[in-house]
Every structure is written in C-alpha cells, then in structure tokens.
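Residue numbers (this note's numbering): 487 to 1434. Note that beta-carbon positions come from the ideal geometry of N, C-alpha and C, so glycine has one too. Step one of this worksheet: look at the structure below.
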C-alpha cells in the first residue's frame, strides 16, 4: 500500500493537538515505537529516502546520439562506400598506391566524433536530487521501546519519536511534542532568512502557510538553538522535501531552441539530399537505358550519390557550435555568470521575460536607515553602507542628537534589541548577522551609541524571540546600578534614565509597526511617558504608510519597565501596555547599475518582473524606482495568487510586473503561466523551494552567493555576484552567440549547396567521373569550412544587438532570409564551379578534378571574409576587429596548397600537382565569389534593404 493511500497521509498535522497526532499514528511520546512496529512500518512506508525516478542511462544517452538523421545518413554512406571498396579490392581493381576503405574510416571517425560531442553535452548527470539528499541527516536520535537509540536516517518511520538539539539536521517531517527555546533555520525550504521560533502547544488553521507552521519541523532544515521532542509524521517522498524532489523530477527538460533548430536543419538537408540523389540516379539510369547501355554507369551514379550525401552533411557544424558555446561561457564567466549547461548560452538570447528576486539581486542586500519618526517629528538620516558615520537632519538642517532625548531613547532600543554585530574587516565595516539588525546597530553608532557599551549598561537577561506569527521580538534587560557616596544611581545616561521609572528591568520591543503600536498605551515624549491618543495613533500609522510607499522597510519600537524578569512563554501577557518610542525606516538600496540594466532590457524588448516576499508597498516603490513598473501598476500578492486558478493566473500574468508577499513555491505557477502565454522565461532563485521553478524556466538562474546547492544544480546559470545586471550582460552575450551561429551556418551551408550542385552536374554533363571524392568533401567540410567558421564564431557584437526585440525561440533556422541566402549563394557557388569544371575538363583533362576541388576551397576563403558583415563592404570594416578570420583564411589556404603540392598528401587525398597557370585560373574563378557577395551588399543598400 502506498503512503498516499494511508488515512494519516492526508492529516493536516499543524491543525492537530499533540495527543490527537500521537493517537493517529499509534505512538507514545515517552516510549516511542516497538521494534516489531518499526519493521511493520518500514514495510508499509518504505525507507526514509528520496527516490529517483527513472532517467536515461549513460548508454541510452550515447546510443541516442546515433539516431540523428544526418549521422544515420553518414553511417549508410560509410557502409556503402566500404562495400564498394571491398568489392573493388576482391576484384583486384585497386589502383596502384590506392588505400582501401579510407573514405569509410574517415566518415565513421566523423560519426563517432560527433556522437561523442553530443554525448558530452547531454550526459551531465542530474544532480539536483543528489543535492536534496545531502540535506538529510545520516544518524538520528530516537526513542524506541522506551530507550534512547541512534539509528540511520533511512530507518526512520512515521510514529517514531525524534530528539532534536542545536546543530542537528532534521531527518524527517514531524509534529512537535515539546520544545525548549527551539529555533530552526528553514531558509532553504521557505526562503525566510530569520530562524523560526517553534512552539509545540500551538494548533494552527489548516490554510496556514508552510513558513508559519510553527508547531512542525521539516526534513532538511537545521536546529539553530534549543531542543525538542518530535513525533515523525512523514518520511521519504511524503516529506515537504520529498514533494519538491517529486516536482523537480516531474519537470520535463524541453529541447533548447538551438537543439530544435538543428533537428529541423538535419531533416531539411537529408530530405533535400535524398530527393536530389533520386533525381540524379534516376535521371542517369533513364539516360543510360535510352542509349541502350543499361546499368553500365550504375557504379558511377552510386559514387556520385555517395559524394552528394557526404556533401550535404555539415560534418564540422556540431564541433563549431560546441566550441562557439564554450567560448561564450568563458566570456560570461568574466562577467560573473557561470553557465552550467552549454546550450543555455544561445538560449539566453531568446529570453523575453526575466523574473527576478528583489533582495540581493535588484538591491544591495545592505539595509541602511534613512528615516526616523518620533515625538511627532520626522528625521532624515544620511550615510551609506554599514559605516557608523552620518548626520541626523530635521527639515534639512543638521541637528545634535543629544538635544533630542526621544531620539536617544529610540537609538538605545535599536542597539539593545539586536543580535547583530558591527565590526571592521580590512578597513570595511561589515555586519555579522541579519542585515536589518545590522542597519539598526549602524544607526545607533552614528549617534555614538555603541552596542557593546550599552549591553554592559543594560545586560540582557531574557527574551521573547521573533516569530512570523507575532511579527515582533522583545529583550529583557537588567538595569545596572553603581554605588556612590550617598546612594545608588543608574549607570545609564540621564536622557535615558528618565523612562526607567525606578524599575529593575526594562523590556525593549521591535517589530511590525501596526502590531507593536496596538499593544502600546503610552507614548514617549522627551523624557516622559504620556497616554497615547487616537490622533497620535493615526499620525504614526500614516507616517508608517508614507515610509513604506517610499520603499522603506519600517519597524516600530517600544519599551516597558518591569519589576521582575518575566518567565519564559509569558510574552502574550508581558508585551502589553507598552510605551511607544518611534518608527525606523530603512532601505535596501537598489544596486546602482540595475536601473540602467532594466532600461536596457526594455530597449531590447525584454520584460522585467519582480518577485519578492516583501510588503507590496515596498515592492512597488523599488520596482517603480528601477523602472520595472509604472505608477499605478497592479501588485499581485501571494494570498491573491493562492486564490487564483491556473486559468485566472494565466489571464493576469502579462499585466502584473510585481509579485509581493509571494512564497517560493508560487514561482513554479508563475513560470508555467508565462510559458503558456508563449513567453520565454528566465527565473532567479536561491532556495530549495525555488528548484522546481528554476528547472521549469527556459533559463533557471541560481544565486552564487546566497543560493543553495539544490538551486544551483537545478539551474542553467549561476550568478557569481547575485546581480541583476549580470543577467542582462549574459543575455546580450547569448544574442551575440546566436547571431554568430547563424552567420557560420550561412557560411557552411552555402558552400555545401554549391558542392552538391557541382557534384550532381558532373554526370549530367557527361564528364565521366566524380569531381570530388568523399574524403575531399570531408576535408572541405571539416577544415576549409571549419576553421573560418570557428573564426566567425568570435565576431564582435553589432551595435544594435540590444536595441531590438529578441527573435522568437520558435523561429525556423531558415527564418529572416537565411534560407534564401544559402540557396542563392549556393547556386552562384555552383555556377562558378561548374563553369570552371567545364573549362578545366576541356583544357586540362589530367588535373580538372583537382582544379574543381581547389577552386571550391579557395572560394570559401573569400566568402568567409565577406560574410563578416551583412551590410558593410570589406573596405568599410576594420580588418583588425577579428584577426582570427584573417588568420584562418591564411592557414586554410596554406593547408589546401599542401594537399596539392606535398606528395604524401597528394596520394592520400587523390590530388594532382597544378601548374602556376592552372592555380591562377582557380584563384581567378574563386575570387568571383567574393566579388558577387560585395555586389549583393551594394545592390541591397541601393534598394534600401538590410540583408540577414
């Protein structure tokens, strides 16, 4: 029986009392389960481990490479060629010095090489599940048969009673039975940076969000402090971590646009080639039968067909594309973007929607206090970063803080109600702890109120930790006294001593302004406390909204004198009748380069969407400031999104640029809704819960600094600096890569079409023989075409690369005139070669094949130089902007001449030495290719058209 069909599997554990949960799982909080029950439940539930769904094995991936239609055709050519060579050898018809099977060996070598290249690209193991498994603990302390045991995590079953302590990684989901000062870091699962304070006695509504289930613990999270006894409720794939693993494995990896285009290209080329072969062979046989010669020319026709088949396949293309993508990854690393999956380089160029986190990606993740509000006055604070330097201003005028006791009281609360530490590291001020609390320590330091000093004046003796339910925290401090000659006086400053009211303890509270103010009955004015009026409450709440609308994160502060240290767990009664101190508004300032990056995205036709867990007013202010949204744009909150069906979300997703108070698991729905609308999506994330959305997105982008291993393994790209501007730079690089891929595809396939037509023309013209052997064609496709193609892959970007919308990822490889260019240039190529072939056959019958071979190769050199730009003439381009093209042309020309003039290479490739006049004729005809392309550019310029 699967766990899904068990009655307790559907239980909403956070809404159950502890006793009810124990009864449902038939367990005992003091004794745990018996050995017999453990064995039965292991059979019933299975081991506590994440299960990997079936994927392709390494052999399956390797064999899949040889199902490519172009490689299958080459394999067929190699076998037929090998069969002909074998028959020729057995008949004793080999020419002197001729090496048998060389074409077969060469073709099969190319097939194997391309297969290996494809395997290397696809065989990267899916490691996201392995990273999830790392979050599981190896050994767990449990109660069984009334005894404390340490067992392997995979042996845990529902109903077990786990014991937790600080530093433990939790091995399964569970319901708290009892706890003491328990804090658990759940950021990897929920995205919450602050450790959650767990409470066993709570029972919560069924609809409570995952991050607010304070009576539950989850597999893969870590105990920060405290201890607990936990009833295990779910194990293995039924845990929250298991659900993420299931989602992760359920997301299918679609072929990238480049992979789809290459498949389309292969289908078109092979189909076209087979049609042409059928025409040539059929036409040749019909002509032979009409002359009464029967099958006398069949072998010649087969050899022509083999050469045409080899010519149609761009054997060097996979290698050139792989190298191009690899070079793109290197350039991206220099811009702090690490590409994990090679095809993602080109895929980036198709992105038209970027969904970005706010904190740390769009902003600096350095909170800086900018505003204070106390005693009905708003104060501005200057200064940047965590350096404790800056001014306090009222109405634009600098003020001395010591003349405003209400400010001093507020700043003492900022310093004391705080767990962060401010220190210098190599001259820079850095924060150890939460950035929000770090901003408060820095604020106090600007007024000379140092945290360490005040910790000694008001030592902490107790606290009520922050929780997402209470949305506040409080610290209880003992008031130190010093003896003088006459009496005991407090050691604190006179400005602060005024609100102690002769009590021995002082409680400082900070948290949500609305919730904190609701518990205040008094307000601190000057050095005294007075009853707070309804009018003052309205003023404070209005100021809170005003600060939030400016993108500030706002905290409210209060205090309360206490006669004694309150007991643990009495926060509900103690945090009443507080004295209001004031508001502090801080800003996680946008990264200075992001605004320009967002503008660049807009010009490039890329829409930016902000997804954050922050308050909607803060999110709107930051998004508006950065240009992501306009004034009045709609903000969709997590609660609203939760209530929407998938269809409703799809209808709204194009209208919303800001998602606030959104949980990480909502990201997957947002990505899927955008994709259903035809958008090509890049999505950022850093938590475990982000992994399914990262894998679903067309480009998943993990944070290199704050990201978890799971998010990185599920992503296509990792931001080494967590910076939005890096995404834009990588997108630009992706566009450049795609433009260059199209450029060398035009270059390679234009010549291939010329080769095919030239080969097909030979028997039709009755020239008696094939002008090019398969081996010579392989040389052209791999070396003569391959080296210049590699050089074209590093062509610098065109000026308008980010001034146009992204090209559709679904466009054909032949779109925007590329197909017509290849056919047009291929025909011109063939006409030049066929004329040369006829001249050479009539006047130089001994070397005509070598002249055709050489002319085709040299013509490609002119083609490589001319195709660098679609519109600029050669004389208008900077020859030094891509020295690799010039270098490849020189090297390839020298290699081609070596095939003609070096005897061992002559024998192997079947060439003859050309005289100077013959070589001159080849150079003359080949240069016509360059002249034609330049004339085309002038023609299109005159017609006012831009070529592809």
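In whole angstroms, what separates the C-alpha of residue i from that of residue j?
i            : j            : result
residue 1370 : residue 1121 : 50 angstroms
residue 1077 : residue 603  : 40 angstroms
residue 545  : residue 598  : 14 angstroms
residue 1368 : residue 1284 : 13 angstroms
residue 642  : residue 729  : 18 angstroms
residue 891  : residue 1055 : 33 angstroms
residue 627  : residue 823  : 42 angstroms
residue 1306 : residue 750  : 16 angstroms
residue 871  : residue 856  : 11 angstroms
residue 497  : residue 1113 : 46 angstroms
residue 923  : residue 1106 : 23 angstroms
residue 725  : residue 1129 : 24 angstroms
residue 1458 : residue 1101 : Not covered by the structure: residue 1458. The range shown for the chain is 487 to 1434.
residue 1067 : residue 844  : 30 angstroms
residue 760  : residue 766  : 10 angstroms
residue 1383 : residue 758  : 32 angstroms
residue 1195 : residue 996  : 34 angstroms
residue 731  : residue 723  : 7 angstroms
residue 1053 : residue 1030 : 32 angstroms
residue 968  : residue 511  : Legend: pLDDT at residue 968 = 40, less than 50; position of this residue unreliable, no value from coordinates given.
residue 631  : residue 519  : 6 angstroms
Use the C-beta contact count for residue i: other C-beta atoms within 10 angstroms, 16 or more gives buried, fewer gives exposed.
i            : result
residue 1143 : buried
residue 1182 : buried
residue 1118 : exposed
residue 633  : exposed
residue 782  : exposed
residue 1374 : buried
residue 775  : exposed
residue 1224 : buried
residue 1176 : buried
residue 505  : exposed
residue 990  : exposed
residue 1197 : buried
Nearest CA to the CA of residue i: which residue from the options?
i            : options                   : result
residue 647  : 664, 1256 and 768         : 664
residue 1314 : 1325, 1378, 1239 and 1377 : 1239
residue 796  : 706, 596, 1400 and 1047   : 596
residue 1395 : 1352, 1416, 1414 and 1340 : 1340
residue 828  : 839, 814 and 837          : 814
residue 1079 : 1034, 655, 1209 and 908   : 1209
residue 593  : 1277, 1379 and 1262       : 1262
residue 572  : 653, 561, 559 and 587     : 587
residue 1159 : 720, 1044, 1427 and 841   : 841
residue 1127 : 1288, 1155, 951 and 525   : 1155
residue 1318 : 1298, 1342 and 1297       : 1342
residue 816  : 1057, 1257 and 1220       : 1220
residue 1300 : 746, 886, 850 and 1019    : 746
residue 1163 : 1028, 1003, 1137 and 1264 : 1137
So the alpha helix (DSSP H) residue i belongs to, where does it begin and stop?
i            : result
residue 1233 : 1210-1250
residue 789  : 784-798
residue 841  : From DSSP, residue 841 is part of no alpha helix (DSSP H) but of the beta strand (DSSP E) over 839-843.
residue 774  : 743-776
State the DSSP-derived secondary structure class of residue i, mapped to helix, strand or coil.
i            : result
residue 1046 : strand
residue 911  : strand
residue 1131 : coil
residue 853  : strand
residue 863  : strand
residue 1171 : strand
residue 1017 : strand
residue 504  : helix
Could you check where the beta strand (DSSP E) with residue i kicks off and where it finishes?
i            : result
residue 639  : Neither: residue 639 is in no beta strand (DSSP E) and is coded neither H nor E.
residue 1009 : 1006-1011
residue 960  : 958-964
residue 1096 : 1093-1097
residue 1300 : First-last for residue 1300: undefined, no H or E at that position.
residue 994  : 991-997
With a threshold of 8 angstroms between beta-carbons, can residue i be considered close to chain D, or not?
i           : result
residue 767 : Included in the structure is just one protein chain, with no chain D present.
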